[in-house]
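Below is one structure, written out as structure tokens, with a few remarks after it.
In the UniProt record's numbering, the protein residues as written are 1 to 121.
Structure, rendered in structure tokens:
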């Protein structure tokens, strides 16, 4: 494992998602359905978007990518300052190009949510 890969992995682990109510953020829980042989490729595309493309978009807060253990789903929990910010990002050429690649191998269920309750021990 190279130093770059180790450093990148440590950055991901060290920045825990803070979920809270009343912060005004819009949360999207996107569930992608994908053939098992394309699941890893989808994850890589979403990771690229989360690291390289979305941080350039105004209003982007964070993304968390989850692999479905059954092999056919990937969930992306992401947050934006507003629905308008995400709508504007969808018009960006880089975002559109990445999403074209994603939608060649997966289908998407995109739903906005508001955090209404958080429970911790």
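Note that the Cβ used here is the ideal one computed from N, Cα and C, for glycine as well. Being a predicted model, the structure only gives us computed values, none of them experimental.
Under the criterion of beta carbons closer than 8 Å, residue 68 and residue 61 do not qualify as touching, at roughly 23 Å.
A direct Cα-to-Cα measurement between residue 38 and residue 120 gives close to 35 Å. Apart from the 5 residues on each side of it in sequence, residue 88 sits with its Cβ closer than 8 Å to the Cβ of 57, 58 and 59 in its chain, given in chain order. Counting along the chain, the unbroken beta strand (DSSP E) around residue 108 starts and ends at 106–109.
When the five nearest sequence neighbours on each side are left out, the beta carbons in the same chain lying within less than 8 Å of the beta carbon of residue 118 are those of 19, 20 and 21, in order along the chain. Per DSSP, residue 119 has no beta-bridge partner at all. Each of 32, 54 and 83 was checked against the Cα of residue 25, and the nearest Cα belongs to 83. Between residue 29 and the set 98, 65 and 94, the nearest pair of CA atoms involves 65.
The alpha-carbon separation between residue 40 and residue 46 amounts to approximately 10 Å.
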